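Numbering (the numbering used here), first residue to last: 65 to 217. Glycine is no exception: its CB is placed at the ideal position from the N, C-alpha and C atoms. Computed from a predicted structure; not experimentally measured.
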């Protein structure tokens, strides 16, 4: 379960990176446009975790799209939270869904989707997708723009 704090106490502060996602805190700030239908996107092209079986690093691009309700995620806290997975042993599916579900718990967004585009492990790329439901009607929903893995093509 992720720790959630309202306000931006990490912003501008010298903060030590959390050692694990369990030690990380997601900060949220009030959405200045809570009635507007808009999409916020975070792209994390250097997401890293550890294979729980081999101990080898795994790499992914995470694409996080959400429609804010009353809260926005503070980006420095999100960066520190995602970095906390660097030494965390978990499978691709678990990492991707944990990030998505932790954000839902912290923000209570109107809608959220996450795409985890993982580099091959054992020669097989694993892409993981999750969303909270159908996107709100009238939402402009851009493509995530990450092509399927093709190797050397």
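Problem - Buried/exposed call for residue 131, threshold 16 Cβ in 10 Å - result: buried
Problem - residue 209 (DSSP reduced to helix, strand or coil) - result: coil
Practice task
Any chance you could list the beta strand (DSSP E) runs of at least 3 consecutive residues sitting entirely within the segment 166 to 192, in chain order?
Solution key: 175 to 182
Handout entry: Residues near residue 73 by beta carbon distance below 8 angstroms, same chain, minus five either side
Key = 91
Practice task
Confirm, please, whether the CB-CB distance from residue 122 to residue 107 is below 8 angstroms.
Solution key: no
Exercise for the section: Go ahead and pull the three-state DSSP assignment for residue 113. Expected result: strand
Handout entry: Beta-carbon proximity list for residue 95, same chain, < 8 angstroms, skipping 5 on both sides
Key = 132, 133, 134, 135 and 136
Problem - Terminal residues of the alpha helix (DSSP H) in which residue 145 lies - result: 139 to 147
Handout entry: Spatially closest choice to residue 158 from 180, 184 and 204, by CA coordinates
Key = 180
Handout entry: residue 203 versus residue 105 - alpha carbon distance
Key = 13 angstroms
Handout entry: DSSP-derived helix/strand/coil call for residue 125
Key = strand
Practice task
Let me know the secondary structure DSSP gives residue 90 once reduced to three states.
Solution key: strand
Problem - Residue closest to residue 115, alpha-carbon to alpha-carbon, out of 151, 192, 206 and 70 - result: 151
Problem - Segment limits, beta strand (DSSP E) that includes residue 68 - result: 67 to 70
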